[in-house]
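These notes are about the structure you will find just below.
Numbering (the numbering used here), first residue to last: 5 to 164.
Here you go:
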């Protein structure tokens with residue numbers, strides 16, 4: 005009997021793909037251009053729910069969401085509902101934190117959309133000029149640190 009070579013790797017393997025399941029409110033976050041997503045993040049940082057409210061109108065302008073089977077007006081109202089939840093629960097800090105994370109999700113979706121468009125070599129995609137050349141994870145880490153600093157400064161100044 006022939007002995008298998010010791011240096012050979014097994015020829016069969018298992019590929020596992022993990023996909024995050026999103027609820028209807030989270031799936032209604034629109035894929036926006038990078039600058040708009042950053043503006044919405046900063047609006048959500050200073051006035052909880054304001055950036056989410058602004059992002060709802062991008063759905064009416066044709067921004068894509070992860071709810072393709074829902075009508076545009078339904079997705080618009082889901083975003084308005086998310087903004088209202090953020091505004092009403094901001095009193096107990098839950099809405100403010102939710103609002104900041106919602107804004108960060110908007111930026112993450114914008115960068116993922118930009119890299120997807122860059123990979124497809126779409127000639128009519130204008131996203132390339134908006135996304136920084138360093139990795140999106142590095143940029144979001146820096147953005148998160150700045151956002152956290154602003155939040156801490158705002159919260160500490162309101163208690164003095």
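Where a beta carbon is used, it is the ideal one built from N, C-alpha and C, also for glycine. Fair warning: this is a prediction, and the values are worked out from it, not measured in the lab.
Under the criterion of beta carbons closer than 8 Å, residue 80 and residue 60 qualify as touching, at roughly 5 Å. Secondary structure at residue 120: helix, using DSSP grouped into helix, strand and coil.
By a beta-carbon distance limit of 8 Å, residue 82 does not contact residue 41. Their separation comes to about 18 Å.
By the CB criterion at 8 Å, residue 103 and residue 90 fall inside the cutoff. With a threshold of 16 other beta carbon atoms within 10 Å, residue 34 meets it and is buried.
Judged by beta-carbon spacing, residue 53 lies beyond the 8 Å limit of residue 85, meaning their Cβ atoms are not closer than that value.
Between the alpha carbons of residue 99 and residue 47 lies a gap of roughly 13 Å.
Comparing C-alpha distances from residue 26 to each of 58, 71, 19, 37 shows the shortest one belongs to 71.
Residue 68 is bridged by DSSP to 35. Residue 114 and residue 18 have their C-alpha atoms spaced approximately 31 Å apart. When the beta-carbon positions are compared, residue 97 and residue 44 stay at least 8 Å from each other. Closest in C-alpha terms to residue 65, from the list 37, 30, 22, comes 37. Pairing residue 76 with residue 58 gives a Cβ-Cβ distance that is not under 8 Å. Residue 120 and residue 69 have their C-alpha atoms roughly 14 Å apart. Straight-line spacing of the CA atoms in residue 22 and residue 51 works out to 34 Å.
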